[in-house]
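Line order of the protein sequences matches chains A and B.
Its first residue numbered 1, the first sequence is counted upward by one per residue in the numbering used here.
Its first residue numbered 69, the second sequence is counted upward by one per residue in the numbering used here.
To start, the structure itself, in structure tokens.
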Amino acid sequence: MTSDLLIALLIGLSLPVIGAGLALELGATAPNTVLGFAIVVAIGISAAGWALLGRPESAPSPNQAPWQ
Amino acid sequence: MSASRSASERRGQRWSPSFGFWTVAFAFLIVMASATLPSPLYGLYRERDHLSAFTITIIYAIFAAGAIGSLIVDRFVVARFGRRGAMLGAVSSMMLSAGVLAAWKDLPGLLIGRLLTGVAAGLAAGTAIVYLIELRLLANPAASVVRARTVGTSVNVGALGIGPLMAGCLAQWAPWPLALSYLILLGLGALTVLGLLATPETGQPALPIASAIQARGSRRSSRPPAPAAAAACAAFAANGLFAGLSGLFLATTLHHPSHALAGAALCLVFSSGVVSQLATTTLPASRVLAVGTSSMLAGLVLLATAVRLASPSLVLFLVGGALIGAGAGAVFKGTTGLVLESSAPVDRVDDI
Chain A
1 MTSDLLIALL
11 IGLSLPVIGA
21 GLALELGATA
31 PNTVLGFAIV
41 VAIGISAAGW
51 ALLGRPESAP
61 SPNQAPWQ
Chain B
69 MSASRSASER
79 RGQRWSPSFG
89 FWTVAFAFLI
99 VMASATLPSP
109 LYGLYRERDH
119 LSAFTITIIY
129 AIFAAGAIGS
139 LIVDRFVVAR
149 FGRRGAMLGA
159 VSSMMLSAGV
169 LAAWKDLPGL
179 LIGRLLTGVA
189 AGLAAGTAIV
199 YLIELRLLAN
209 PAASVVRART
219 VGTSVNVGAL
229 GIGPLMAGCL
239 AQWAPWPLAL
249 SYLILLGLGA
259 LTVLGLLATP
269 ETGQPALPIA
279 SAIQARGSRR
289 SSRPPAPAAA
299 AACAAFAANG
309 LFAGLSGLFL
319 ATTLHHPSHA
329 LAGAALCLVF
339 SSGVVSQLAT
349 TTLPASRVLA
359 VGTSSMLAGL
369 VLLATAVRLA
379 SPSLVLFLVG
389 GALIGAGAGA
399 VFKGTTGLVL
409 ESSAPVDRVD
419 DI
């Protein structure tokens, strides 16, 4: 599980920025590129957070579990 | 104590597990620092090789291909060579990449060097935290794993900020801006290899490959749900924007071409992630995720505002970066905690 999350982290750390680089290459200004990127990331993080916080718990959630 | 001593003697080690713990932590730090180290130097590479912004992002992002590849095979590497072997492989790959990046002054050298950097980062990221926990338990079987895991996760994110800070400052104020940082990494790597050779092995090397494949198959059920992967991906996308393009934005939009400032900005982003992870140790995972998401959204608004003002604001840019970095760290921590809480106890132990 941890490896899969690390892979997701690495994909997030590297691939979206290629889109930003492509936008700049195609003539988008830096402010517009940042704005578009911010909107996409904001939608992504909000949707993922909403989905995660709305998940039904399948196990008890201790406040301070030893693996946290 | 006697149990750990006899375990040490069985493995023929010369140094204590505690020394090995900090050696592995340092190895993890320099390997992860190399992942983002070239970020403040992209402006110089751009001038030297006449590269476009798109090519710069490819050079930056290609490391992920190497990292993902080595994360996928990491389990087999550990099964064959042990955790110490995997960490030695990570440091050796990092040293090879530093050598390539310092000596091969052309675009293919940059691409190959970054790919090798990714291989090193993937090997270290997949091995180091478990190795640290096992070394901690080897030193003291009754110890809590929380401290070891906190050290591991803090090094993981914090090192991503240390690398660019060092490279930016050296590029600004020292000679050989496109070589010196890599030469320092080479020297540190050589010292670390010596330390790792004397660090106890905690895994079971030379396990048959078939057993490792079987073990991998039995773990498929513990994959994180899609929202967790999406959260990790989205959280670090904004960090990636800073790592790949903040130097360009600082130079062209904000009119601050300092390499040191580019490195410091990245250090601020990633160190904020460490601070947020350490500051939320008493909060439940759901609260950490909610706080992290809010911080990221506020940071994204400030970032977009900073570069769109009639007179772009460096302060807003940096504050936005700090909030984004802090939010990303908290989102990743909250996501991991939520997934672990909702997984079966056997998977939780397996994932520690």
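Virtual Cβ for every residue (Gly too), placed ideally from N, Cα, C.
CB contact check: residue i to chain B, cutoff 7 Å
i, result
"residue 28 of chain A", "no"
"residue 36 of chain A", "no"
"residue 58 of chain A", "Per-residue confidence for residue 58 of chain A stands at a pLDDT of 47, beneath the threshold of 50, marking its modelled position as unreliable; the derived number appears in the next sentence. Yes, its Cβ sits closer than 7 Å to a Cβ of chain B."
"residue 7 of chain A", "yes"
"residue 3 of chain A", "yes"
For residue j and residue i, believed in contact at Cβ under 8 Å, the rounded distance
i, j, result
"residue 131 of chain B", "residue 183 of chain B", "7 Å"
"residue 138 of chain B", "residue 311 of chain B", "Contact flag wrong, Cβ pair sits at about 19 Å."
"residue 152 of chain B", "residue 269 of chain B", "5 Å"
"residue 342 of chain B", "residue 231 of chain B", "No, residue 342 of chain B and residue 231 of chain B are not in contact; Cβ-Cβ is about 14 Å, not under 8 Å."
"residue 155 of chain B", "residue 199 of chain B", "6 Å"
"residue 13 of chain A", "residue 122 of chain B", "In fact, because the Cβ distance is near 18 Å, the residues do not count as touching under 8 Å."
"residue 398 of chain B", "residue 356 of chain B", "5 Å"
"residue 207 of chain B", "residue 362 of chain B", "The pair is not a contact, with the Cβ atoms about 39 Å apart (cut-off 8 Å)."
"residue 185 of chain B", "residue 162 of chain B", "7 Å"
CB contact check: residue i to chain A, cutoff 7 Å
i, result
"residue 132 of chain B", "yes"
"residue 70 of chain B", "Low confidence applies here, because residue 70 of chain B scores a pLDDT of 46, under 50, leaving its location unreliable; read the following figure in that light. No, its Cβ sits nowhere closer than 7 Å to a Cβ of chain A."
"residue 136 of chain B", "yes"
"residue 256 of chain B", "no"
"residue 289 of chain B", "Here residue 289 of chain B scores only 46 on pLDDT, less than 50, and its place in the model should not be relied on; the value that follows carries that caveat. It does not; no Cβ of chain A falls within 7 Å."
"residue 122 of chain B", "yes"
"residue 144 of chain B", "no"
"residue 268 of chain B", "no"
"residue 87 of chain B", "no"
"residue 196 of chain B", "no"
"residue 181 of chain B", "no"
"residue 106 of chain B", "no"
"residue 295 of chain B", "yes"
"residue 304 of chain B", "yes"
"residue 235 of chain B", "no"
"residue 406 of chain B", "yes"
"residue 357 of chain B", "yes"
"residue 312 of chain B", "yes"
"residue 193 of chain B", "yes"
"residue 335 of chain B", "no"
"residue 188 of chain B", "no"
"residue 203 of chain B", "no"
"residue 281 of chain B", "With a pLDDT of 45 at residue 281 of chain B, under the threshold of 50, the modelled position of this residue cannot be trusted; read the value that follows with caution. So no, residue 281 of chain B is outside the interface."
"residue 158 of chain B", "no"
"residue 112 of chain B", "no"
"residue 368 of chain B", "yes"
Interface residues of chain A facing residue i [CB-CB closer than 9 Å]
i, result
"residue 376 of chain B", "31, 32, 34 and 35"
"residue 399 of chain B", "45, 48 and 49"
"residue 177 of chain B", "Within 9 Å Cβ-Cβ: nothing; residue 177 of chain B doesn't reach chain A, min ~19 Å."
"residue 185 of chain B", "The contacting residues do not exist; residue 185 of chain B stays about 12 Å from chain A at best."
"residue 382 of chain B", "Neighbours of residue 382 of chain B on chain A: none; closest Cβ ~14 Å, over 9 Å."
"residue 329 of chain B", "Under the 9 Å cutoff, chain A gives no residues; its nearest Cβ is about 16 Å from residue 329 of chain B."
Chain A contact residues for residue i, given Cβ-Cβ distances below 7 Å
i, result
"residue 307 of chain B", "13"
"residue 125 of chain B", "17, 18, 20 and 21"
"residue 354 of chain B", "53"
"residue 364 of chain B", "45"
"residue 91 of chain B", "Near residue 91 of chain B there are no residues of chain A at all, since even the closest Cβ is about 22 Å away, more than 7 Å."
"residue 372 of chain B", "34, 35 and 38"
"residue 216 of chain B", "The contacting residues do not exist; residue 216 of chain B stays about 12 Å from chain A at best."
N-terminal and C-terminal residue of the alpha helix (DSSP H) that residue i is part of
i, result
"residue 247 of chain B", "Neither: residue 247 of chain B is in no alpha helix (DSSP H) and is coded neither H nor E."
"residue 115 of chain B", "110 to 117"
"residue 382 of chain B", "382 to 410"
"residue 323 of chain B", "Here residue 323 of chain B belongs to no alpha helix (DSSP H), and DSSP marks it neither H nor E."
"residue 208 of chain B", "Counting along the chain, residue 208 of chain B falls outside any alpha helix (DSSP H), and DSSP gives it neither H nor E."
"residue 33 of chain A", "30 to 53"
"residue 371 of chain B", "353 to 376"
"residue 88 of chain B", "85 to 104"
"residue 165 of chain B", "121 to 171"
"residue 331 of chain B", "327 to 347"
Cross-chain neighbours of residue i in chain A, by beta carbon under 8 Å
i, result
"residue 128 of chain B", "14 and 17"
"residue 421 of chain B", "Nothing in the structure corresponds to residue 421 of chain B, since chain B is present only between 69 and 420."
"residue 221 of chain B", "Residues of chain A passing the Cβ test: none, with the nearest at roughly 10 Å."
"residue 361 of chain B", "45, 46 and 49"
"residue 346 of chain B", "The contacting residues do not exist; residue 346 of chain B stays about 13 Å from chain A at best."
Contact test: residue i Cβ vs the ligand FAD heavy atom, cutoff 6 Å
i, result
"residue 156 of chain B", "Annotation note on the ligand FAD: not contained in the displayed structure, which lists no ligands."
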